[in-house]
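Inspection log for the structure reproduced underneath, given as structure tokens.
There are 2 protein chains.
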Amino acid sequence: MLDEGDAQLLAQSFAALADPIRLTLLSIVASAKGEVCACDLVEPSGRSQPTVSHHMKILVDAGLVSREKRGLWVWYAAVPERLDALRNALR
Amino acid sequence: MLDEGDAQLLAQSFAALADPIRLTLLSIVASAKGEVCACDLVEPSGRSQPTVSHHMKILVDAGLVSREKRGLWVWYAAVPERLDALRNALR
DNA sequence: CGAATAGATCGACATCTGTCAATGTATTTC
DNA sequence: GAAATACATTGACAGATGTCGATCTATTCG
Chain A
1 MLDEGDAQLL
11 AQSFAALADP
21 IRLTLLSIVA
31 SAKGEVCACD
41 LVEPSGRSQP
51 TVSHHMKILV
61 DAGLVSREKR
71 GLWVWYAAVP
81 ERLDALRNAL
91 R
Chain B
101 MLDEGDAQLL
111 AQSFAALADP
121 IRLTLLSIVA
131 SAKGEVCACD
141 LVEPSGRSQP
151 TVSHHMKILV
161 DAGLVSREKR
171 GLWVWYAAVP
181 ERLDALRNAL
191 R
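If you're matching them up, the sequences are chains A and B in order. Residue numbers for the first sequence follow the numbering used here, beginning at 1 and rising by one. Residue numbers for the second sequence follow the numbering used here, beginning at 101 and rising by one.
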């Protein structure tokens, strides 16, 4: 059986995946070669800029995506180790 | 990039995992040899019987757990193919 | 049939979540 | 420093979600 703290943490990670927009955003970032600029996420997601910012924060907080600001732009990249960790939890 | 319908469906599946109680319930069912009686889920989860019933319905609706009523009792079992499908989505 | 039992459903409530317009903040460029 | 730009934060709102007590439903057993 699952420890209570583990369950809480895992649930938060899965919650980050429990939204179609976030899955779309993650798939864009994950399927990119390297990094993806925040400016390239608004239009494909079909949501407003604040909404995209909100969702990206959730993905970053869950550790699924890394965030780096360079100049005016913010660059995102997938964190494969974290995705692997979630996959392992489903065994 | 992810198709809109796929994203919706996937999001619902992950949403089923986005709650610590459901993760606990699933871990009990998944780690059991065969089936698990609903009556054996209430006490370990620390929630009321209606609440456990509610959460199990969500897991069943997501296809992660199968449900079979025999006599007075309801028996649950994990659906490994569905868990595999989710793991594949995280690649 | 009547009593007992396992589980589902209902109703109500507080909390959480997704969304956008408006505004704030940091950085570059002139 | 002023203007422009990229992104974050705030505030507000509707709708979804987790929870439990009370009740309903189906099944078994006298």
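Don't be surprised by glycine CBs; every beta carbon is placed ideally from N, CA and C.
Contact check, residue i vs residue j, beta carbons under 7 Å
{"i": "residue 172 of chain B", "j": "residue 165 of chain B", "result": "no"}
{"i": "residue 86 of chain A", "j": "residue 109 of chain B", "result": "no"}
Cα-Cα separation between residue i and residue j, rounded to whole angstroms
{"i": "residue 20 of chain A", "j": "residue 7 of chain A", "result": "22 Å"}
{"i": "residue 14 of chain A", "j": "residue 154 of chain B", "result": "19 Å"}
{"i": "residue 179 of chain B", "j": "residue 169 of chain B", "result": "16 Å"}
{"i": "residue 141 of chain B", "j": "residue 35 of chain A", "result": "44 Å"}
{"i": "residue 56 of chain A", "j": "residue 3 of chain A", "result": "28 Å"}
{"i": "residue 30 of chain A", "j": "residue 128 of chain B", "result": "32 Å"}
{"i": "residue 16 of chain A", "j": "residue 22 of chain A", "result": "7 Å"}
{"i": "residue 174 of chain B", "j": "residue 151 of chain B", "result": "15 Å"}
{"i": "residue 176 of chain B", "j": "residue 138 of chain B", "result": "7 Å"}
{"i": "residue 26 of chain A", "j": "residue 49 of chain A", "result": "16 Å"}
{"i": "residue 167 of chain B", "j": "residue 183 of chain B", "result": "16 Å"}
{"i": "residue 112 of chain B", "j": "residue 118 of chain B", "result": "10 Å"}
{"i": "residue 44 of chain A", "j": "residue 163 of chain B", "result": "30 Å"}
{"i": "residue 61 of chain A", "j": "residue 101 of chain B", "result": "22 Å"}
{"i": "residue 181 of chain B", "j": "residue 46 of chain A", "result": "32 Å"}
{"i": "residue 188 of chain B", "j": "residue 88 of chain A", "result": "11 Å"}
{"i": "residue 33 of chain A", "j": "residue 133 of chain B", "result": "42 Å"}
{"i": "residue 5 of chain A", "j": "residue 124 of chain B", "result": "11 Å"}
Sheet register partners of residue i (DSSP bridge)
{"i": "residue 167 of chain B", "result": "B/176"}
{"i": "residue 37 of chain A", "result": "A/75"}
Coil, strand or helix - residue i by DSSP
{"i": "residue 46 of chain A", "result": "coil"}
{"i": "residue 11 of chain A", "result": "helix"}
{"i": "residue 132 of chain B", "result": "coil"}
{"i": "residue 6 of chain A", "result": "helix"}
{"i": "residue 187 of chain B", "result": "helix"}
{"i": "residue 162 of chain B", "result": "coil"}
{"i": "residue 1 of chain A", "result": "coil"}
{"i": "residue 118 of chain B", "result": "coil"}
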